[in-house]
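Colleague:
Residue numbers (the working numbering): 694 to 832.
#1: Thinking just about the alpha-carbon of each residue, which of 701, 707, 694, 738 is nearest to the one in residue 790?
#2: Helix, strand or coil: how does DSSP classify residue 745 here?
#3: For a cutoff of 8 Å on Cβ pairs, would you count residue 697 as touching chain D?
#4: Do residue 701 and residue 710 have their CB atoms nearer than 8 Å?
#5: Have a look at 786, 793, 823, 769 and flag the residue whose alpha-carbon is nearest the alpha-carbon of residue 751.
#6: Residue 823 and residue 714 look like a contact to me (Cβ under 8 Å); what is the Cβ gap, rounded to whole Å?
#7: I need the straight-line Cα distance from residue 767 to residue 819, nearest angstrom please.
Spelled out as structure tokens, the structure:
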């Protein structure tokens, strides 16, 4: 299955889901899904790179920590991101995100991301060997 992302229905907020041939690809794709809630990804130019490190006892908590770290960077740097590179070693994630400063006239943000939640949280390897990572994001 090629790496891709999608949204799924949740009554109050929005579900984000990422698929990948590897666990790291699934984490990259779910980050793209989360940013696509805010704006069209094609409008975000990958001009500046930031680095994020997370450590957690399992993949599910690591996913929530990764997404919340991105939300923190979005809020504090006033940036949006459109490209991600994730590597993992044991229980540690090292991620890079590329993006640019938020420009209301260019990006037309639809919502403000408040946080990734444990609702519908799942990180699993599928029968075909690919990976799925998902959760609900509070907007």
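By construction, the Cβ of each residue, glycine as well, lies at the ideal position given by its N, Cα and C atoms.
Modeller: By the coordinates alone:
#1: 738
#2: strand
#3: Checking the listed chains, one finds no chain D in this structure; it contains a single protein chain.
#4: yes
#5: 786
#6: 6 Å
#7: 31 Å
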